[in-house]
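Numbering (our numbering), first residue to last: -6 to 388.
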């Protein structure tokens, strides 16, 4: 816009000593037509300008039309103008939406009339043409990245992709700034051109920050911000590996640069199967169910005592089956300290069989020991031979 006003001022100064292009009292200033964009791209909105000047003492009025000589089309609507006498001028303009191809423009004055001091009008000329612009070639920019399609071909970029190398800078900006539109890291410093403060200087760059937490990856202990330390992820230990792997070698560890290594939508820390995209939830804990396999029956023996007889191998054993370690139910050991017979079945202690059950057996055993101690104590005391309650003393 500043350029436009500068041109107008220059033209205005010339008008003070200038004359119309032809002998008519009205006409265009020399080099009087121009376009706001010298290299428009198809689809751009541009403006055509022309300067009218009145070299007579009488006023002038008429109409102006802008033309495209190569396409034989009118640009914008016909515009009316009025100029007072004495070398006055006026800038006429028309809006043009650039179309691909070659174009050349002119302005034409029609229906020009001179108007004297009494308001009498008289025709001046049937038609007055301005000079024409040079040929303007409008090119196509299919992806609107600032490079025309033919320029994209010259640079080896994709005319249908505004950022061919996916570095965050449009191809047109890369060419303008001197970076390579087909190389995401022009200076090879590890920082993409779109984030590099100086993409052509390998010594100036922004440290990578994968999780955008403000800590450079070089000093960030959790690069992907998934809640796991980098060394835990790369070490292939603990929670970072699939617990169901088998074989001599463990599976690959999780990726410290990926919040969700297997891409199932669950972070590596919360994913029970961080390397399996089809599952992530920990299976429910196994249910432990005790099962009594042996049955017992009561048999009357000849002496009237009730004997417990096993229906299988002559002894009674409560066997439990679990889905955890053998001999464990809900974390507590059972029968682990029992003696085993040849068939691996625990033998029942005699004192448990005698009194029936663990609690009664222990109580009975304690009672027997108490009676035994009392008997031993009584036996050890001196006897009262004469029955008078006094113990005889030796003289």
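For every residue, glycine included, the Cβ atom is placed at its ideal position computed from N, Cα and C.
In the DSSP assignment, the alpha helix (DSSP H) including residue i goes from what residue to what residue?
i           : result
residue 90  : Note, residue 90: premise wrong, no alpha helix (DSSP H); beta strand (DSSP E) at 82 to 90.
residue 391 : Any property of residue 391 remains undetermined from this structure, which presents the chain solely from -6 to 388.
Look at the alpha carbon of residue i and the alpha carbon of residue j, and state the distance between them as a whole number of angstroms.
i           : j           : result
residue 98  : residue 75  : 23 Å
residue 43  : residue 85  : 5 Å
residue 107 : residue 165 : 51 Å
residue 189 : residue 205 : 15 Å
residue 71  : residue 103 : 10 Å
residue 318 : residue 158 : Because residue 318 carries a pLDDT of 41, less than 50, the predicted location of this residue cannot be relied on, and the following value inherits that uncertainty. So the two alpha carbons sit approximately 58 Å from each other.
residue 211 : residue 268 : 25 Å
residue 73  : residue 83  : 11 Å
residue 109 : residue 122 : 24 Å
residue 270 : residue 193 : 41 Å
residue 303 : residue 255 : The predicted model places residue 303 with a pLDDT of 41, which falls under 50 and marks its position as unreliable, so this point remains unresolved.
residue 136 : residue 203 : 29 Å
residue 134 : residue 275 : 54 Å
residue 170 : residue 62  : 37 Å
residue 358 : residue 368 : 16 Å
residue 12  : residue 65  : Reliability of the predicted coordinates at residue 12 is poor, the pLDDT of 38 falling under 50, and the value obtained from them is presented with this limitation in mind. Looking at the two C-alpha atoms, the distance is approximately 29 Å.
residue 129 : residue 80  : 31 Å
residue 78  : residue 48  : 7 Å
residue 372 : residue 280 : 57 Å
residue 58  : residue 32  : 23 Å
residue 315 : residue 277 : At residue 315 the pLDDT is 40, less than 50, meaning the model places this residue with poor confidence and gives no usable figure here.
residue 362 : residue 370 : 12 Å
residue 224 : residue 207 : 20 Å
Would you please state the rounded distance, in angstroms, between the beta carbons of residue i and residue j? I believe it to be under 8 Å.
i           : j           : result
residue 41  : residue 68  : 6 Å
residue 60  : residue 101 : 6 Å
residue 105 : residue 87  : Contact doesn't hold; Cβ gap of about 18 Å is too wide.
residue 162 : residue 172 : 7 Å
residue 260 : residue 266 : 13 Å between Cβ atoms; not a contact.
residue 156 : residue 185 : Not confirmed; about 11 Å, so no contact.
residue 209 : residue 227 : Not confirmed; about 18 Å, so no contact.
residue 120 : residue 26  : Actually they do not touch by this definition, with Cβ atoms about 16 Å apart.
Over what stretch of residues does the beta strand (DSSP E) that includes residue i continue unbroken?
i          : result
residue 40 : 38 to 47
residue 71 : 66 to 76
residue 61 : 52 to 61
The region 107 to 120 contacting the region 136 to 144, beta-carbon criterion three pairs below 8 Å: no
contact_flag[the region 190 to 198, the region 170 to 181] where n(CB pairs < 8 Å) is 3 or more: yes
How do the region 28 to 37 and the region 91 to 107 stand: do at least 3 beta-carbon pairs fall below 8 Å, yes or no? Three or more Cβ pairs drawn from the region 28 to 37 and the region 91 to 107 lie within less than 8 Å of each other, which places the two stretches in contact.
Check whether the region 48 to 68 and the region 144 to 157 are in contact - that is, three or more C-beta pairs closer than 8 Å. no
Taking 8 Å as the threshold, find out whether the region 210 to 226 comes into contact with the region 246 to 264 through three or more Cβ pairs. yes
Quick one: complete beta strand (DSSP E) runs, 3+ long, within the region 97 to 148? 98 to 108, 114 to 122 and 129 to 131
Whole alpha helix (DSSP H) runs in the region 155 to 213 with 4 or more residues, listed along the chain? 164 to 170
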